[in-house]
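For what it's worth, my numbering labels the leading residue of the sequence shown as 8, then goes sequentially. Note that CB positions come from ideal geometry on N, CA and C, so glycine has one too. The model shown is predicted, which means the values in this text are computed figures rather than measured ones. See structure below.
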Amino acid sequence: MADTTTGATTAPAGRTTPAGRLAALARAEMVLLVRNRTALFVTLLMPLLMIGSIRAGLDRVGLDGTGMTLVEAAMTGGLGMVLVIVVYLNLVPAYVARREELVLKRLRTGEASDTEILTGTALPSVALTLAQCVIMVVAAVAFLDVRAPQRPELLVAGVAVGIVLLGALAAYTATLTRTVESAQLTTMPLFLVSAMGSGLFVPLEAFPERVEAVCALLPVTGVVTLLRAGWLGGAETGELLRAGATALVWTAVAVFAVRRRFRWEPRH
C-alpha cells in the first residue's frame, strides 16, 4: 500500500501535496476494497437488504401521526442505514487491518499527517456512501412515488455530518478492536442501538414520549432527524436545532476521542 503513494501529485519543490497524498491513499484503499468480497457485500448489498427489513418491520408498526407513508419511512431510514453500514461497519475492520499489518505505522513515517492517513483510508467508503444516497433518492422519487427532497440543504448537511460522525466513531471503535474478526462484535452495540433507537427501523414519533426523549440523545438520532427533515420536510425549527446540536456534539466528542486514543501500533 505504501508503494502506491508514489503516484501522488508532487509540488514544484518535489514534495507531495495533501490532495495528491489523499488521492494516492484513496486509490490504494479502493483496490483493497474491491479485492475483499466480504467488504464489497457489506458495502453494496447489505444496505439494500436492510431497507427490505425496515419496510417489513414497518408493516407491523403504526405510522399514524408520523406524517410518513410506509415507503417514505423505509427510504429515509435506509439513508441512515447506508451511513451506518457503508461508513461505520466497513471502516472499523479496515482501520484494524491496516493497523495490524503495520500499514498505518509505515505511513506515519512519510509526509502524510495523521488526519490525511485516516481520511484517505475512509475516502472510498465515503464515495460509495454518497453514490448510494444519490441513487436511493433519485430511484425513490422516480419509481416509488416518494416526495422530492423538500429541503435539500438539510439532506446534504445530514449526510455530511453523518459521514464525519460515523467515520470518527469507526476510528475510535478500531482502538477497542484487537482483530478484524472481532470487529463483528465491537461494532454491534452501536449498530443495534442506532437501528432500533435512532429512527432507522421505526420513526421516533411512533415511540412513547419518554422513550422518544431518551432516543433523541443517541449518537445517530440527530443525523436521521436531519435526513428525514431534509427529504420530507415538516420539522419545526426547535427540533432541527436540537437534532443538529446533538449530532455536532457527538461528532466533536468522537473526533476528540480519536485524537487522544487512536492506536497506530498493533495490539498484542
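- Collapsing the DSSP output to three states places Thr116 in coil.
- About 22 Å separates the CB atoms of Arg113 and Tyr179; that is not less than 8 Å, and the two are not in contact.
- Of the residues Val187, Ala147, Leu125 and Ser132, the one whose Cα lies closest to the Cα of Trp238 is Ala147.
- Around the beta-carbon of Ala35, 16 or more other beta-carbon atoms lie within 10 Å, marking it buried.
- Non-local beta-carbon contacts of Pro196 in its own chain, meaning distances under 6 Å to residues more than five positions away in sequence, are absent.
- About 7 Å separates the CB atoms of Ala181 and Arg106; that is less than 8 Å, so the two are in contact.
- Within the segment 173–256, the runs of alpha helix (DSSP H) that reach at least 4 residues and sit entirely inside it are, in chain order, 190–193, 195–204, 216–222 and 228–239.
- A straight line joining the alpha-carbon of Asn43 with that of Gly117 spans about 26 Å.
- Sequence-distant partners of Gly229 (beyond 5 residues in either direction) whose C-beta falls short of 6 Å from its own C-beta, in its chain, are Ala250, Thr253 and Ala254.
- About 7 Å separates the CB atoms of Val91 and Val227; that is less than 8 Å, so the two are in contact.
- If you look at Thr45, you'll find it in the alpha helix (DSSP H) that goes Arg44 to Leu47.
- By the C-beta criterion, the segment 87–102 is judged to be in contact with the segment 159–179, since at least 3 inter-stretch pairs fall below 8 Å.
- Straight through space, the alpha carbons of Thr23 and Val103 are spaced by roughly 26 Å.
- DSSP, read as helix, strand or coil, puts Thr23 in strand.
- Straight-line measurement puts the Cα of Leu233 at about 12 Å from the Cα of Gln157.
- In this structure Met143 is in contact with Leu86, their Cβ atoms being roughly 6 Å apart against a cut-off of 8 Å.
- In the structure shown, the three-state DSSP call for Leu109 is coil.
- In the three-state reduction of the DSSP assignment, Leu151 falls in the coil class.
- Burial state of Thr194 is buried, judged by a 10 Å Cβ sphere holding 16 or more other Cβ atoms.
- Spanning the alpha carbons of Ile58 and Leu135 requires a straight line of approximately 17 Å.
- For Glu36, the three-state secondary structure derived from DSSP is helix.
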